[in-house]
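So for the sequence shown, full-length UniProt numbering puts the first residue at 1; every next one is plus one.
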Amino acid sequence: MRPESEPQPVIETERLVLRPFLLTDCNRIAELAGHRLIAEMTANIPHPYFPSMAEQWVSSHDALYRANAGVVYAITLKGEDLIIGAVSFPTLKDNCGLLGYWLGVPYWGHGYTTEAAKGLVAYSQLHFGLEKLQVMHLVTNDRSKSVIRKLGIPYIENRFIRANGYEREVCYYEGRLK
1 MRPESEPQPV IETERLVLRP FLLTDCNRIA ELAGHRLIAE MTANIPHPYF PSMAEQWVSS
61 HDALYRANAG VVYAITLKGE DLIIGAVSFP TLKDNCGLLG YWLGVPYWGH GYTTEAAKGL
121 VAYSQLHFGL EKLQVMHLVT NDRSKSVIRK LGIPYIENRF IRANGYEREV CYYEGRLK
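Structure representation (structure tokens):
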């Protein structure tokens, strides 16, 4: 387990840099996460999404990380510091992480989400003792289903969750990491 005082490090993959979010990222977060398709494909991002909502979200990240309870990263392309999405474990408990992610619509279809998720999982295995992974997607989100298949996490069942004021059906996956 990593010490609480250790700052959240940057993670590099082949094409990406995962870094902590900054308050200066909030307009870009609202621009990308505020797209209607993001709200339709995720359970927890409302539409419209405003910079003030992003500020509240970003402000919660440091305490989550310092408590070893979760970690949130901005996804950026190497050589650019422009945010293209997010990858996270909003919950880390008992060596198990609930994986979350979203990617701006212009960046879909390039494998960035899978690459970012694999980078975060590898980091979390070393620094958080991550042994088990949970992830879910809305039943209509085939792009997310593809990411989860590439991660090799077994499907368990469909479930219903309450999100953004609605009951939403999700496909739930869970598995031990190798």
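We treat Cβ as the ideally placed atom computed from N, Cα and C, and that holds for glycine.
Please say whether residue j and residue i have beta carbons closer to each other than 9 angstroms?
i, j, result
"G85", "A116", "yes"
"Y73", "I11", "yes"
"G119", "G97", "no"
"T151", "L77", "Residue 151 is actually Leu in this sequence, not Thr. Result no, Cβ atoms of L151 and L77 do not sit closer than 9 angstroms."
Should residue i be labelled buried (16 or more other beta-carbon atoms within 10 Å of its own) or exposed?
i, result
"V139", "exposed"
"S59", "exposed"
"Y49", "buried"
"Y65", "buried"
"H110", "exposed"
In this structure, does DSSP put residue i in helix, strand or coil?
i, result
"R149", "helix"
"K78", "coil"
"I83", "strand"
"K178", "coil"
"V139", "coil"
"G97", "strand"
"R15", "coil"
"E157", "strand"
Tell me which same chain residues have a C-beta within less than 7 angstroms of the C-beta of residue i, skipping the five on either side of it?
i, result
"N27", "P51"
"F21", "V58, H61, V72 and A74"
With a CB to CB cut of under 8 angstroms and the five nearest residues on each side skipped, what residues in its chain are close to residue i?
i, result
"V170", "A43, M136, H137, L138, V139, N158, R159, F160 and I161"
"D25", "A54, V58, A74 and I83"
"R15", "L77, K78, Y112 and E115"
In chain order, what residues of the same chain lie with their CB nearer than 6 angstroms to the CB of residue i, ignoring the 5 residues before and after it?
i, result
"I45", "A33, I38 and A39"
"E174", "Q134 and I156"
"V147", "T113 and T114"
"T91", "G70 and L98"
"A30", "Y49, F50, P51 and A54"
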